[in-house]
Amino acid sequence: MQEAEVRKNILNFTPGELGDIVTGLGEQKFRAAQVFGWLSKGAASYDEMTNVPKSLREKLEAEYSIGLPEAVRTQEAKDGTVKCLFRFMDGTEVESVFMKYEYGNSICISSQSGCRMGCTFCASTMEGLDRSLTGGEMLGQVLAMRKLTGSDIGHVVIMGMGEPFDNYEEVSRFIRLIHESKGYGLGLRNITVSTCGIIPKIRAFAADFPQVNLAVSLHAPNQEIRQMSMPVAKKYSYDDLLEACREYTEITGRRITFEYAVIDGFNDSAACAEELAGRLKGWLTHVNLIPLNEVEGRSYKTANGNSVKRFKDILEKNGVAVTVRRTLGKDIDAACGQLRRRHAG
Ligand code: SAH
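With the working numbering applied, the sequence shown has no gaps in its numbers, which climb one by one up to 383 at the end.
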């Protein structure tokens, strides 16, 4: 652990809140927009803020740190994927992944360090929850990654470590911060949040952020199989989850993505595919089949290519939109949570 940092992270504040801070320090309100603009460009020190008076810079410096995380380990794959272990001021570590797609560059960020959801195939949850991140720390991952790669990032997916809907307020803050037109200005449609299925928050999200994309980790065609690998299913049943998802598509008019990690001998049979197709037929969904990333210390094996193809064919035959996720970064520790665990071990 590093020395305790008593200053607050200035990246957490919206322009409105910064306005109050700046006026509280006896300076003019419009300075807040300047400071916010610099922060959103990735400024690592107040000295870079050349149009901000020195008096204000010094006052801010005394009370607020610029909480950009430090890259403590970086791996770059041949396909351009960059995976980074970021460390925050208090020593908390999370992973972020930069990926290149035809439609532009994307980053997968973490919303928590560790996770308490307990999915049995996932590396991030093996040691439980360390702590939730603040919105500013989520923004910090994007800014630090942009600096590290020297590339623009036009899409953000909150699909790294942690359960975003177990940290709803701060994830909401992050979305507002990165969308802010005075700052990074990322379009809401360029953001995707992935949840393991916390129903009340799916409803809240539909109301709060109808333009942000939602992905739901389904990973099973029914309650029985789902609850074997996802403890959250014991609290929120399969039927109720699908009902909430259907409502989401009705309220937002947007397609919902279901993630389905295909696991050998567990959820990859033709019968599983038929059952899933039966549940999803006829509504606005998209299934993303993810060949399982095998995790050290977990017994699940990735499904073979034939069963993934069969699964896909069955969904397609039933008119369910489906894609198989391209596996990027194969030659690095691709599965989320693995880099952090390896580093610690
Ligand atoms: N808590 C969120 C984000 C988790 S990570 C959620 O559950 O959606 C993003 C996706 O990766 C989720 O669908 C998650 O279930 C999946 N995942 C986790 N471990 C995996 C693994 N070993 N192989 C493939 N997908 C995995």
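The beta carbon of each residue, even a glycine, is placed where N, CA and C say it ideally should be.
Inset, instruction - Check whether the Cβ of G200 sits closer than 7 Å to any heavy atom of ligand 1, and report yes or no. - result: The count along the sequence shown starts at 1 and reaches residue 200 at position 162. Yes; taking the cut-off as 7 Å, the Cβ of G200 has a heavy atom of ligand 1 nearer than that.
Legend entry - Minimum C-alpha distance to G235 - residue among K273, H324 and R336: To locate residue 235, count along the sequence shown from 1; it is residue 197. Distances from the alpha-carbon of G235 to those of K273, H324 and R336 put K273 closest.
Legend entry - Distance, I229 Cα to F51 Cα: Taking the sequence shown and counting its residues from 1, the one referred to as residue 51 is at position 13. Taking the sequence shown and counting its residues from 1, the one referred to as residue 229 is at position 191. Our two residues, F51 and I229, have alpha carbons roughly 20 Å apart in a direct line.
Inset, instruction - Kindly examine ligand 1 and report whether one of its heavy atoms sits closer than 7 Å to the Cβ of I233. - result: Against the sequence shown, residue 233 aligns to sequence position 195. The residue you asked about is not Ile; residue 233 is Thr in the sequence shown. T233 Cβ: within cutoff of ligand 1.
Legend entry - Contacting residues, own chain, Cβ-Cβ under 8 Å from R284 (five flanking each side not counted): Locating residue 284 in the sequence shown gives position 246, counting from the first residue. These residues qualify, in order along the chain: W321.
Inset, instruction - Measure the alpha-carbon distance for I147 versus M197 and round it to whole angstroms. - result: By 1-based counting over the sequence shown, the position of residue 147 is 109. By 1-based counting over the sequence shown, the position of residue 197 is 159. C-alpha separation (whole angstroms): 6 Å.
Legend entry - Residue ranges of each beta strand (DSSP E) within the stretch 311 to 376, 3 or longer: Every beta strand (DSSP E) stretch that sits fully inside the stretch 311 to 376 and reaches 3 residues is listed by chain position as 323 to 329 and 360 to 362.
Legend entry - For Q113: DSSP bridge partner residues: Counted from its first residue, the sequence shown places residue 113 at position 75. Answer is K121, bridged to Q113.
Inset, instruction - Starting from A244, follow the alpha helix (DSSP H) in both directions and report where the run begins and ends. - result: As a working note, residue 244 is residue 206 in the sequence shown. Looking at the DSSP string, the run of the alpha helix (DSSP H) that includes A244 is I237 to D246.
Inset, instruction - Would you list, in sequence order, the uninterrupted alpha helix (DSSP H) runs of no fewer than 4 residues that lie entirely inside the stretch 276 to 301? - result: Restricting attention to alpha helix (DSSP H) runs no shorter than 4 residues, the stretch 276 to 301 encloses them at 276 to 290, ordered along the chain.
Legend entry - Selected residue, minimal CA-CA separation from T158, among M137, G357, Y338 and I352: The residue you call residue 158 lines up with position 120 of the sequence shown. Closest by alpha carbon: Y338.
Legend entry - Near ligand 1: S255 beta-carbon under 7 Å from a heavy atom: Stepping through the sequence shown from its first residue, residue 255 is reached at position 217. Checking every heavy atom of ligand 1 against the Cβ of S255, one is found closer than 7 Å.
Inset, instruction - Reducing DSSP to helix, strand and coil, say where A70 ends up. - result: Locating residue 70 in the sequence shown gives position 32, where the first residue counts as 1. Correct three-state label for A70: helix.
Inset, instruction - Check the DSSP bridge columns for Q150 and list the partner residues they point to. - result: Stepping through the sequence shown from its first residue, residue 150 is reached at position 112. Answer by DSSP bridge pairing, in chain order: S170.
Inset, instruction - Using only the heavy atoms of ligand 1, determine whether one of them is closer than 7 Å to the beta carbon of V325. - result: By one-based count along the sequence shown, residue 325 stands at place 287. V325 Cβ: outside cutoff for every heavy atom of ligand 1.
Inset, instruction - Taking G57 as the reference, give the member of D128, L318, L94 and R45 with the closest Cα. - result: Within the sequence shown, numbered from 1, the residue matching residue 57 stands at position 19. Measuring from the Cα of G57, the nearest candidate turns out to be L94.
Inset, instruction - Would you identify the three-state DSSP class for M137, choosing helix, strand or coil? - result: By 1-based counting over the sequence shown, the position of residue 137 is 99. DSSP places M137 in strand when its eight states are reduced to three.
Legend entry - Span of the beta strand (DSSP E), counted from its first residue to its last, around T233: Position 195 of the sequence shown, counted from the start, is the residue given in the question as residue 233. Where T233 is concerned, the enclosing beta strand (DSSP E) stretches over I229 to T233.
Legend entry - Terminal residues of the alpha helix (DSSP H) in which C267 lies: Taking the first residue of the sequence shown as 1, we reach residue 267 at position 229. Sequence inspection shows Ser at residue 267; the Cys mentioned does not correspond to that position. Start and end: Q261 to S267.
Inset, instruction - Give a single yes or no on whether F124 has its beta carbon closer than 7 Å to a heavy atom of ligand 1. - result: The count along the sequence shown starts at 1 and reaches residue 124 at position 86. Not so, every heavy atom of ligand 1 lies at least 7 Å from the Cβ.
Inset, instruction - Please name the residue, chosen from D306, M87 and R348, that lies closest to A71 on a Cα-to-Cα basis. - result: In the sequence shown, residue 71 corresponds to position 33, counting from 1. If we check each option's Cα against that of A71, M87 comes out closest.
Legend entry - For G291 and T323, the rounded distance between their alpha carbons: Position 285 of the sequence shown, counted from the first residue, corresponds to residue 323. Position 253 of the sequence shown, counted from the first residue, corresponds to residue 291. Roughly 11 Å between the two C-alpha positions.
Legend entry - Inter-residue Cα distance where the pair is A242 and Y206: Here residue 242 is taken as the residue at index 204 of the sequence shown, counted from 1. Here residue 206 is taken as the residue at index 168 of the sequence shown, counted from 1. Going from the Cα of A242 to the Cα of Y206 covers about 9 Å.
Inset, instruction - Could you tell me if M39 is buried or exposed, where buried requires 16 or more neighbouring beta carbons within 10 angstroms of its beta carbon? - result: Stepping through the sequence shown from its first residue, residue 39 is reached at position 1. Note that M39 has pLDDT 47, beneath the 50 cutoff, so the model's placement of it is unreliable and no number is given.
Legend entry - Cβ-Cβ distance between I213 and F247 below 8 Å: Residue numbering aside, residue 213 sits at position 175 when the sequence shown is read from its first letter. Residue numbering aside, residue 247 sits at position 209 when the sequence shown is read from its first letter. Taking 8 Å as the Cβ cut-off, I213 and F247 qualify as a contacting pair.
Inset, instruction - Could you check which residue in A282, G174 and V346 has the C-alpha nearest to that of K46? - result: Working through the sequence shown from its first residue, we reach residue 46 at position 8. For K46, the closest C-alpha among the options A282, G174 and V346 is that of G174.
Inset, instruction - Would you check whether ligand 1 has a heavy atom nearer than 7 Å to the C-beta of M155? - result: Numbered from its first residue, the sequence shown carries residue 155 at position 117. Because some heavy atom of ligand 1 lies under 7 Å away, the Cβ of M155 counts as near it: yes.
Inset, instruction - Would you mind giving the Cβ-Cβ distance between S149 and V209, rounded to the nearest angstrom? I have them listed as a contact below 8 Å. - result: Numbered from its first residue, the sequence shown carries residue 149 at position 111. Numbered from its first residue, the sequence shown carries residue 209 at position 171. With 8 Å as the limit, S149 and V209 qualify as a contact, their Cβ atoms being about 6 Å apart.
Inset, instruction - Please name the residue in I237, T172 and C153 whose C-alpha comes closest to that of M199. - result: Taking the first residue of the sequence shown as 1, we reach residue 199 at position 161. Nearest Cα to M199 within the set I237, T172 and C153: C153.
Inset, instruction - Go ahead and label P91 buried or exposed: buried means 16 or more other beta carbons lie within 10 angstroms of its beta carbon, across all protein chains shown. - result: Translated into the one-based positions of the sequence shown, residue 91 becomes position 53. Under this definition P91 is an exposed residue.
Legend entry - Secondary structure, alpha helix (DSSP H): runs of 4+ residues fully inside the stretch 82 to 112: Contiguous alpha helix (DSSP H) elements confined to the stretch 82 to 112 occur at 92 to 101, taking only those with 4 or more residues.
Legend entry - Chain-order list of residues whose beta-carbon lies under 6 Å from that of S83 (same chain, five-residue window excluded): For the purposes of this step, residue 83 is identified with residue 45 of the sequence shown, where counting begins at 1. Closer than 6 Å at Cβ, skipping near neighbours: no residue.
Legend entry - Counted within 10 angstroms of its Cβ, other Cβ atoms place V110 as buried (16 or more) or exposed: On the sequence shown, position 72 is the one that residue 110 refers to. Exposed is the call here.
Legend entry - Backbone CA spacing between T61 and K67 [nearest angstrom]: Numbered from 1 along the sequence shown, position 23 holds the residue referred to as residue 61. Numbered from 1 along the sequence shown, position 29 holds the residue referred to as residue 67. One Cα belongs to T61, the other to K67, and the distance between them is close to 6 Å.
Inset, instruction - Assuming G221 contacts S78 (C-beta within less than 8 Å), just tell me the rounded distance between them. - result: The residue you call residue 221 lines up with position 183 of the sequence shown. The residue you call residue 78 lines up with position 40 of the sequence shown. Confirmed, Cβ separation roughly 3 Å.
Legend entry - Nearest residue (CA-CA) to V195, options S144, T187, L123 and S307: Locating residue 195 in the sequence shown gives position 157, where the first residue counts as 1. Comparing Cα-Cα distances from V195 to each of S144, T187, L123 and S307, the minimum goes to S144.
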